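A quick write-up on the structure given underneath.
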Amino acid sequence: MLTMFLTFVKVGLFSFGGGYAILAMLQQEIVVKHGWLTASEFTDVVAISQMTPGPIAINAATFIGFKTHGILGSVLCTFGVILAPLCLMLILTHTYIKLQQKEWFKNLFKSLRLLSVGLIAAAMVLIGKSAFPDLFSVGVFVVCFLIIWRWKVNPIYMLLGVAAFGMVFG
Amino acid sequence: MILWQLFISFLKIGAFTLGGGIAMIPIMRREVVEKHKWLTDMDFLDGVAAAQSSPGPIAINMSIYVGYRIKGIPGMLVSVLGSVLPSFTSIIIIASLFTRYAQEPLVRKAFHALEPAVVSLIAWPLIQISQKVGLNWRNFWIPLLALVSVAFIGISPMYVIIICIALTLIISQIKEKRGKN
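Chains A and B supply the protein sequences, listed in that same order. Note that my numbering has the first sequence beginning at 1, numbered continuously upward. Note that my numbering has the second sequence beginning at 1001, numbered continuously upward.
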């Protein structure tokens, strides 16, 4: 359980770029390194996170903690994931105005933002690896992408629709 | 009293940040700036910028910032608790159902369809974000290198981030020195 706590502290510390950018790191730590979830279970957690309130890192931490060690595990993992942001954000609250004017600080976030594009793409590839076992999945992907692109539907409604569609035709 | 109000406000904000991230900024602004007048618009925007710079989910970072600005450490703890609680309880409920019913054929069918849908949900913001960060042929190698090393070589994103931070700081130093000479 301590390993798990420390893993989530680590994930919290390196979760730059928010939401999707940290999926790749979560996937590597949880699926590849520790095997706490299988690849497709991990994708299921991402789908569930999209349909429930709250940031994906928190949702994943709560879910994995609960699955492996019950309520206590979920409290510990959730606390772990917000520990580093808590400390760093406290420092930033005091120093941000000053730091903002420094050239190196601006450059740092310019390159971290660029980096997060790559990390999101990596997450897509890693999740995509297990998400397409058959042609049906490819069809769902194409249709969903077109729907988001064309009509910018709320992801929650789309996922609910997809779940219902899967139950009937899957 | 103000602690209780903070808790309730962030509970509300936490409950409505479906899909997470930047989407909850307007909701939070309405509570914090317009309704309760805890912060001015300028202070709030500074917080948004700081929250995006710090690691961790933006929603959580914002509740740390706002809670701390209004009532110090106790304020911070209360607002973080409020914003985490809705996601925590809903995941606990779903996780306990999921472990019980995950193997049901109907549930499997639903998730079989959901998995590729999740990929499409990542693909779309990816396109939007790459336009926003000013991607061009001169800096294209940064995300590309990150993608290849994480997704295909299997290097941990942690190292990629550390290397990126170190390189940027070194390059900034060199540029600054050159500028002075």
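Virtual Cβ for every residue (Gly too), placed ideally from N, Cα, C. As the structure is a computational prediction, the values presented were derived from the model and not from experiment.
(request) Determine the closest residue to B:SER1172 out of A:VAL11, A:SER111, A:GLU29, A:SER49, with distance taken between C-alpha atoms. (result) Out of A:VAL11, A:SER111, A:GLU29, A:SER49, A:SER111 has the C-alpha closest to the C-alpha of B:SER1172.
(message) For chain B, check one thing: does any of its Cβ atoms lie closer than 8 Å to the Cβ of A:ILE30?
(response) no
(request) List the endpoints of the continuous alpha helix (DSSP H) containing B:SER1083. (result) 1058-1101
(request) Report the neighbours of B:TYR1065 on chain A: residues whose CB is nearer than 7 Å to its CB, in chain order. (result) MET89, THR93
(request) Identify, in the order they occur along the chain, each residue of the same chain with its Cβ nearer than 8 Å to the Cβ of A:ILE48, setting aside the five sequence neighbours on each side. (result) So the list reads ASN59, PHE63, once near-sequence residues are dropped.
(message) Across the stretch 1142-1160 of chain B and the stretch 104-123 of chain A, are there enough close Cβ pairs to call them in contact, namely three or more that are closer than 8 Å?
(response) yes
(message) Tell me which residues share the same chain as A:GLN28 and place their Cβ nearer than 8 Å to its Cβ, disregarding the 5 neighbours each side in the sequence.
(response) Apart from sequence neighbours up to five positions away, the residues of its chain that approach A:GLN28 with a beta-carbon distance below 8 Å are LEU126, ordered along the chain.
(message) According to DSSP, simplified to helix, strand and coil, what is A:PRO133?
(response) Coil at A:PRO133, not helix or strand.
(request) Would you decide whether A:TRP151 is buried or exposed? Buried here means 16 or more other CB atoms lie within 10 Å of its CB. (result) exposed
(message) Please report the distance separating the alpha-carbon of B:ARG1178 from that of B:GLY1056.
(response) 35 Å
(request) Give the DSSP-derived three-state secondary structure of B:PRO1125 in the structure shown. (result) B:PRO1125: helix per DSSP, three-state reduction.
(request) Select from B:ALA1049, B:VAL1107, B:GLY1014 the residue whose C-alpha is nearest the C-alpha of A:PHE105. (result) For the set B:ALA1049, B:VAL1107, B:GLY1014, the Cα lying nearest the Cα of A:PHE105 is the one of B:ALA1049.
(request) Would you kindly work out how many angstroms separate the C-alpha atoms of B:PRO1105 and A:GLY170, rounded to a whole number? (result) 10 Å
(message) Against chain B, with Cβ distances strictly below 8 Å, would A:TRP149 count as a contact?
(response) yes
(message) By the 9 Å beta-carbon criterion, what residues does the stretch 1120-1133 of chain B contribute toward chain A?
(response) SER1120, LEU1121, ILE1122, ALA1123, TRP1124, PRO1125, LEU1126, ILE1127, ILE1129, SER1130, LYS1132, VAL1133
(message) Using C-beta distances below 7 Å, list every residue in its chain close to A:ILE30, excluding the 5 sequence neighbours before and after it, in chain order.
(response) TRP36, LEU37, PHE42, ILE64
(message) So, at 7 Å on beta carbons, what are the nonlocal neighbours of A:VAL81 in its own chain, with the 5 sequence-adjacent residues on each side left out?
(response) PHE8, VAL11, GLY12, ALA57, ILE58, ALA61
(message) 8 Å is my cut-off, CB to CB: does A:PHE8 come that close to chain B?
(response) no
(request) Starting from the N-terminal side, write out each stretch of the alpha helix (DSSP H) that is 4 residues or longer and does not extend beyond the stretch 29-92 of chain A. (result) 39-51
(request) Taking C-beta pairs closer than 8 Å, name the residues in chain A that B:MET1158 reaches, listed in chain order. (result) LYS10, PHE14, MET25
(message) Judging by CA-CA distance, which residue of B:ILE1155, B:GLY1014, B:LEU1077, B:TYR1068 is the nearest neighbour of A:LEU92?
(response) B:TYR1068
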